[in-house]
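In mature numbering (1 follows the signal peptide of the UniProt record, and there is no 0), the protein residues as written are -26 to -1, 1 to 218.
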């Protein structure tokens, strides 16, 4: 009886572990490096996991929001992947940050002829984007994932407020409030980090100089003491010879 109960408990536990680790819980997502402040610039990473056991991801397509076009979109080179940036005329020109925009980057596509994202792995695809819009709290990017066996998964379903997460949710970037004193976003944080590092290096240099001065003083005193000891030894030796 006890053995059967243990078997039931073990089976239930194993089922729970499998349910929690099922690939269906993984999906394409987007996260900023630092803050994604309204009106600023930031670097975002599209995290693409491989959800298949017998195929690799060989192409990733990210569509940028047409209702909030971004004037600057720059990809980072990735070993083994080629990247194509597609610019298009907007159906309706928009005004952003005082400038009229009638053309913008609408799609970025990464393709590989190599192994791609193999089963059990994920890949990050970085983009530098800006200036971020100030009239919305989120940006929705529709992504399309293509596997080596030609299967296509469309991560394009928007998340509705109060509803459960859809089966293939579109990557959504949450924007934060604009930084005080200007719209700098993560660039301001990076500058602050550089300033802090410079201050730390200055303090370290000053500390090293103080340490060097202290060491020099100690060595000087030791040298004087050694010299005095030598003189005293010479005097005593001279007296011994005279007495002899």
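Every residue, glycine too, gets a C-beta built ideally from N, C-alpha and C.
Reduced DSSP category for residue i - H, G, I as helix; E, B as strand; rest coil
| i | result |
| --- | --- |
| residue 146 | strand |
| residue 76 | strand |
| residue 87 | coil |
| residue 8 | coil |
| residue 41 | coil |
| residue 219 | Because the chain is modelled from -26 through 218, residue 219 falls outside the range shown and cannot be assessed. |
| residue 101 | strand |
Same chain, Cβ closer than 6 Å to residue i, neighbours up to 5 away in sequence not counted
| i | result |
| --- | --- |
| residue 107 | 42 |
| residue 37 | 81, 116 |
| residue 88 | 54 |
Residues of its chain near residue i, where Cβ-Cβ distance is below 7 Å and the 5 sequence neighbours each way are ignored
| i | result |
| --- | --- |
| residue 95 | 24 |
| residue 74 | 67 |
Selected residue, minimal CA-CA separation from residue i, among the options
| i | options | result |
| --- | --- | --- |
| residue 92 | 61, 17, 15, 32 | 32 |
| residue 129 | 70, 90, 47, 35 | 35 |
| residue 77 | 100, 39, 125 | 39 |
| residue 125 | 67, 6, 27 | 27 |
| residue 46 | 22, 14, 88 | 14 |
| residue 51 | 136, 149, 97 | 97 |
Integer Cβ distance of residue i from residue j, believed to fall under 8 Å
| i | j | result |
| --- | --- | --- |
| residue 17 | residue 102 | 5 Å |
| residue 90 | residue 44 | Wrong, their Cβ atoms sit about 27 Å apart, outside the cutoff. |
Proximity test, residue i beta-carbon vs the ligand GDP heavy atom, cut-off 7 Å
| i | result |
| --- | --- |
| residue 28 | Absent from the structure shown: the ligand GDP. Ligands present: none. |
Beta-carbon contacts of residue i that lie in its chain and below 8 Å, excluding the five residues immediately before and after
| i | result |
| --- | --- |
| residue 131 | 140, 141, 142, 143, 144 |
| residue 173 | Note that residue 173 has pLDDT 44, beneath the 50 cutoff, so the model's placement of it is unreliable and the number below is only indicative. Same-chain partners within the cutoff: there are none. |
query = Are at least three pairs of beta-carbons, each pair with one atom in the region 138 to 148 and one in the region 97 to 117, less than 8 Å apart?
reply = yes
message = Three Cβ pairs or more, each shorter than 8 Å: is that satisfied between the region 43 to 62 and the region 123 to 143?
response = no
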